[in-house]
Amino acid sequence: MNRVEAAIEQGRCVIAVGGRALSNPDVLMELRRRSALPLVALGGDPVDPVVELSGEALAPATATPGGVLVLVEPEGSTDGRALGALDGLLRAAPHKPRLVVAARAYNPFMMPMGVRLMKTEQVKQRAQDFLARLPVPAAPVAAAPEATTPSTPVETDRRRAPAPVVVGRDEEIAQLKEMLAAEGGPIVVSGTRGVGRRWLVEATLDSLTGEGGLVRLPDLTLGRGVGADTFLARLAVAARVAGDERLHVALTAKKPLAPEELAALVVEVAQGDALADRVMVLFDLDAMLDRRDGSLYREGRFELILRALLTHPLKLRLVFVSDLQPEFHSEGRAAHLRRLVLRGLPGRTLHELFAAWHAPEFERDRFGPIVERTLGHPIAARTIAIATRTTPIDELLEQPRYLRSQGEGDLAALERNLKRRLGELDADLVDALSAVALLREAASPEELNVLGVKRQQRIELMARGLLEQTPTQQGRRYYVHGLVKSLLDRRKVEDFGRMETLGRHLLDKARDLKKSGDEVASIAAAIEGNRLLVGARRARSRMRLPYSDMDATIDDIRSLLRRRKPRLDIARMRVSEALKTGSTIPELLQAQAELLAAEKAPVEKVEEAWRRAQEDAPTPEAFHQEASWHLSRGARGKAVDVLVRGAATFPDNARIRRRLAALYLQQNRFEDAAATLREAMDIEPMMPDTYSLLGEVYVAMGQEYWDQAEQVLKEALDLAPDDAHHKLRLASLLRARGAADPAQRASLWEQAEGLAREAWQADKGDRRAAVQLARIMLDRREDLDPARIDQVEYILRQNMKGGKKRVDEPAVLVQRARVLVLREAWREAEELINRALHIAGGDAEAFAARGELWEAQHQPFHALAAWEAARERTRPGTAERMLADAHVQRLKTLIESGKAAEMMAEKGVEKAEAPEAAGFTPRRERKIKRRRKGQADAVEIDGAPAEDAAPAEDAAPAEDAAPAEDAAPAEDAAPVE
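The sequence shown begins at 1 in our numbering and counts up by one.
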């Protein structure tokens, strides 16, 4: 108290009163008695004689050394914004005053970080009592003399970049340091996007690399235009510089190694002493993984190399950053792999994060709801920190959907928020952000200047949380996070002019680095520059390298072939030019075969191209690609032959065998399918897809195999409990058991519907799940009511959003027809059934639907004929045969008893003429149509006669593509240009 009184006498004291204290009449009375003192308001509206907080109002305490600033009952909840402004004013002040806090209870952690670090003492008194003890000056207190150095004007609304500090990761950093300190297998750092994986790696390596420590090789981000050539060239130069030339010699030899031999050599080089002190970081490994089970879904040259590296101990420190962990489904294959999984930040660390983002202070109890809402996701939490600069925290937390995550990995709310914030940016900031997004790796300020990104734009984007900086003390670099990059307009990011400018800059940089002796960084810059030039349609400006550099060219060729309007002429030119220097590159040989197929070349010529790719540079992917091409032509038999050759070429490949078994299943070759899957089990005994597909085979083989089906399906669910495909196959088994056991049918079908619904909800675009759920719901006739019929219709309508191909699938048409039968829309149902039979003339389910249609129209004689036709097209022992048998027996009993005729007479219906009674054929339908010429109800059917089509078991249904568990993900599809 003496210190405060002395400062008042010397004119070096300012009293700042909290908002809640200002609302107390007794406090206000004491302040008015001391109106001559410098009084400022921390919260609420200033009331005479208290003035608004500003640099000028604080001048008596900050202009000269020895000043005192008194905070009277400050509170984070009501005064948070003012305390944040106070922090900024004190940072800009020429002298820091001593703080005195007058309050009975005081939490220093509610203060901004800058205020918290100042010298502070507390007077434990109420505001009224403290003010009553202060002297009452008779005249205004003379202001302290001004400092010789005038204070800098303060811009309280100026954007400030966040402090690059890693928060709440001390334990994970220690774990990663321990892994990097010892030799072993590769390290995979995984976690939800935005959880802080890159910052963890950067902060850890920043402390381990440098003089006497690990040597960090240039980073590599996997994705479009990056493949085996890029990785091999970088690794070959790094190994050659370190004294190991084996990979360099192999890549420059006239006769290249086969892909599997090359993968083995890469492992040997990574296990050598030359690279023992090197560390290399590869980002976005998840771009190569199947998001459903973590396996490498493609099996090309690069995937063979990655698989070999991930399954062997290495002396090279190889760090992968990924959304999910890789899985190999074989015991012992991942024994050397070291894994580090990141979760959300704990609540106790969020205060430090908010301080780093210059958020105003508020009470600590608000961090609990923030963690509950965001699950500790760092980007979501910092988004709230940014929002508190303009909106009170309580107002934000009152919004029920604001940044609320439904579970780990659910980023939908965060992505919506980021999209909205991107839409609020000015055009120049969008251009600047798009320019930085063009960079694959974190870039220096020099490279940002090349792209025309100014320093002020950089600071503004960082302050908004849209531009990242590495948390390193020296040589900070900048990048756009993948979450933000995915929301930017790709056309703005990949601007040809910008790509050319940056590409040429990187080539110039590569030349300078080579002159300075840094060959490793030089080759990395040169390859990235070449990639950008190829993307900018300036391929002739590329730098010639001592190694093959075809990744970007092959990606460009594929995009030309798979775009909405393919440019085969340009693709032909690119392939011809590339073959002059890369005639043994597997991906290029496959692109050549794909081009021939797109050009409608003779089948023999296309097959010869595929055969060359499989013999000169064999990879499993070459066999998969050719099989897909044959299936697209409806040549299932040739696809089977290709996969048989692939299985012989790669005896240890389980994925080829799974796909071959799926084709055997479609050909009704059940024993061959089961035998092939058992071979796959021996190779990958922990792959759930193999067990699941074998369960489907056993269900199709009939009732005597259903116990085995249940056993393998439960094994699949034990390995992957949440997988929708396994649940769907178990639902099919339960439906089959219900068909065989009328006593337990209701219970079994109820369980089947529950599993099918879970599968459909996991992916509402999955046709098989939608059809199976609709089928089971329609089978349960006793539970059908208008609401459930509407639900079935909704499920089918959701599945029809994929265009005409989805709409015209027989399975979808049949279930839609069954719904129309329940709605008594006879003509529309008949049309859909006819369309289904026109596409697949031997579809037993379509004849069964026709039987339901006739029964609904009180035509038991025609219904019997339709059900008999369905029965003839089913395999004995299957659920479909059992259901058809039951219907046939019931209708026969009804007809033989004479009740059928009585029912028709009672309903007042006559026996209709049924061209479908003996089975549907378009030829028969056309004859009847001619006989009924001129009648309004003529049935119009076009197409070739079913007798000329392939029999049912050989017809190529829509499922001819790879089965769901082996199908390439959406990335494999043609990119949208």
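Even for Gly, the Cβ is constructed at its ideal location relative to N, Cα and C.
Query, Result
"Cα-Cα separation between Asp569 and Ile557, rounded to whole angstroms", "11 Å"
"Proximity of Ile370 and Ala381 at Cβ, strictly below 8 Å", "yes"
"Given 8 Å, three or more beta-carbon pairs between the stretch 159-167 and the stretch 344-360", "yes"
"Cβ-heavy atom distance, Tyr402 to the ligand FMN, below 7 Å", "You won't find the ligand FMN in this model; it holds no ligand whatsoever."
"Option in Pro685, Thr581 and Ser628 with minimal Cα separation from Ala654", "Pro685"
"Same chain, Cβ closer than 8 Å to Leu265, neighbours up to 5 away in sequence not counted", "Arg246, Leu247, Ala250 and Leu257"
"Other residues of its chain near Ala7: CB distance less than 6 Å, five sequence neighbours each side excluded", "Cys13 and Val68"
"Environment of Thr204 [buried if 16+ CB atoms lie within 10 Å]", "buried"
"Of the residues Met681, Ser692 and Val697, the one placed nearest Ala673, counting alpha carbons only", "Val697"
"Enclosing alpha helix (DSSP H) for Arg278 [first to last residue]", "Run containing Arg278: none in the alpha helix (DSSP H); it sits in the beta strand (DSSP E), Arg278 to Phe283."
"Spatial distance of Ser386 from Thr374 (CA atoms)", "Per the sequence shown, the amino acid found at residue 386 is Ile instead of Ser. Using only the alpha carbons, I get a separation of about 14 Å."
"Residue closest to Leu694, alpha-carbon to alpha-carbon, out of Ser559, Gln711 and Leu282", "Gln711"
"Proximity of Val321 and Arg234 at Cβ, strictly below 8 Å", "no"
"The stretch 306-320 / the stretch 176-193 touching (three or more Cβ pairs under 8 Å)", "yes"
"Cβ-based neighbour list, Lys119, same chain, cut-off 7 Å, excluding 5 preceding and 5 following", "Arg98 and Leu99"
"Buried versus exposed, by CB contacts within 10 Å (16 or more), Ser576", "exposed"
"Same chain, Cβ closer than 7 Å to Arg81, neighbours up to 5 away in sequence not counted", "Pro360"
"Start-to-end residues for the alpha helix (DSSP H) that takes in Ile187", "Element bounds for Ile187: not the alpha helix (DSSP H) but the beta strand (DSSP E), Ile187 to Ser190."
"Buried versus exposed, by CB contacts within 10 Å (16 or more), Arg158", "A caution first: Arg158 carries a pLDDT of 47, below 50, which makes its placement in the model too unreliable to give a value."
"Short Cβ contact (8 Å threshold) for Gln457 with Leu502", "no"
"CA-to-CA distance, Ala102 to Glu5, given in whole angstroms", "14 Å"
"CB of Val436 within 8 Å of CB of Leu448, strictly", "yes"
"Own chain residues within Cβ distance below 8 Å of Leu596, not counting five before or after", "Lys605, Val606 and Ala609"
"Beta-carbon proximity of Ile379 to Leu414, cut-off 8 Å", "yes"
"Residue burial classification, Ala182 (beta-carbon count within 10 angstroms, cutoff 16)", "exposed"
"Bridge partners - Arg339, DSSP secondary structure assignment", "Val188"
"Distance, Phe362 Cα to Leu350 Cα", "12 Å"
"Identity of the residue in Val50, Met110 and Arg343 nearest Pro74 by Cα", "Met110"
"Beta bridge counterpart(s) of Leu235 as assigned by DSSP", "Beta-bridge pairing links Leu235 to no other residue."
"Thr383, buried or exposed, once every other Cβ within 10 Å from all chains shown has been counted against 16", "buried"
"Residues that Thr984 bridges to, as DSSP identifies them", "Nothing about residue 984 can be read from this structure; the chain reaches only from 1 to 977."
"N- and C-terminal bounds of the beta strand (DSSP E) containing Val40", "Leu39 to Ala41"
"Cβ contact check for the stretch 463-479 and the stretch 488-505: 3 or more pairs under 8 Å", "no"
"Ser322, DSSP secondary structure in three states", "strand"
"First through last residue of the beta strand (DSSP E) which encompasses Arg98", "Arg98 to Ala102"
"Inter-stretch contact at 8 Å, needing at least 3 Cβ pairs: the stretch 738-752 / the stretch 713-722", "no"
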